[in-house]
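These notes are about the structure you will find just below.
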Amino acid sequence: MPSGTRGALVQRVSALCDGPLDITWLALETPRLPLGRIRLRWEPAPLAGWDVTAHLGLATSEVHLASWPAAPDDWPRLVRPTLREVLGLCAALAVATAAIDLSNRIAQV
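Using my numbering, read the sequence shown as starting at 3 and increasing by one per residue.
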């Protein structure tokens, strides 16, 4: 990871097994993650591979989502299924929340 960054914000996860993880770098001074967004951080593992961690932005905080210690060099392929699933769940929750909010507004009319 470039110096001066605190991680990478996951923008998109390909549905393809070997597809890309689209990211943007997060500067050190970046405030906490937005709701439903994932931050990845990776660094060389002590013996071999990469220590990879993921954090998820919630309404009031960030939480540790997952760790992949000593992941192999093709670690994006390893983490992709978890990231894709979590992003899908967050999108579904956002739609459900919007539907409930709309239902509540209509009920108050």
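C-beta: ideal position from N, C-alpha, C; glycine also.
Item, Value
"Taking the straight line between their C-alpha atoms, what separation do you get for Pro83 and Leu28?", "22 Å"
"When the distance is taken between beta carbons, is Val54 closer than 8 Å to Ala73?", "yes"
"Just grab the DSSP bridge partners of Ser69 for me.", "Thr55"
"Measure the beta-carbon distance from Leu23 to Leu67 and round it to whole angstroms, keeping in mind my assumption that it falls under 8 Å.", "Contact flag wrong, Cβ pair sits at about 14 Å."
"Less than 6 Å between C-beta atoms, sequence neighbours within five positions excluded: which residues of the same chain meet that for Leu58?", "Ile40, Val65 and Leu67"
"With DSSP as the reference, label Asp169 as helix, strand or coil.", "Any question about residue 169 goes unanswered here, given that the chain covers just 3 to 111."
"Go to Pro2, then tell me how far its beta strand (DSSP E) extends in each direction, as first and last residue.", "In the structure displayed, the chain extends from 3 to 111; residue 2 sits before or after that span and is not available."
"When you compare each of Ser16, Gly21, Pro48 and Ala56 to Arg38 by their alpha carbons, which one comes out closest?", "According to the sequence displayed, residue 38 carries Gly and not Arg. If we check each option's Cα against that of Gly38, Ala56 comes out closest."
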